[in-house]
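Quick note: the sequence shown, position 14, residue 271 per my numbering, numbers continuous.
By construction, the Cβ of each residue, glycine as well, lies at the ideal position given by its N, Cα and C atoms.
Just so it is clear, the structure is predicted and the values come from calculations on it, not from any experiment.
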Amino acid sequence: MSPLYGYTLSACLFFLAAVLTCSIFLSIAG
Numbered sequence: 258m259s260p261l262y263g264y265t266l267s268a269c270l271f272f273l274a275a276v277l278t279c280s281i282f283l284s285i286a287g
């Protein structure tokens with residue numbers, strides 16, 4: 258596994274976590 262693949266996977270997981278957190282926050286505040 259290349260370092261670039263690991264970096265891309267980490268960035269993708271971070272993005273998904275941010276979107277999930279944002280959607281939960283909006284549903285609570287909404």
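Mapping DSSP to helix, strand and coil, what is residue i?
| i | result |
| --- | --- |
| G287 | coil |
| S267 | helix |
| S259 | coil |
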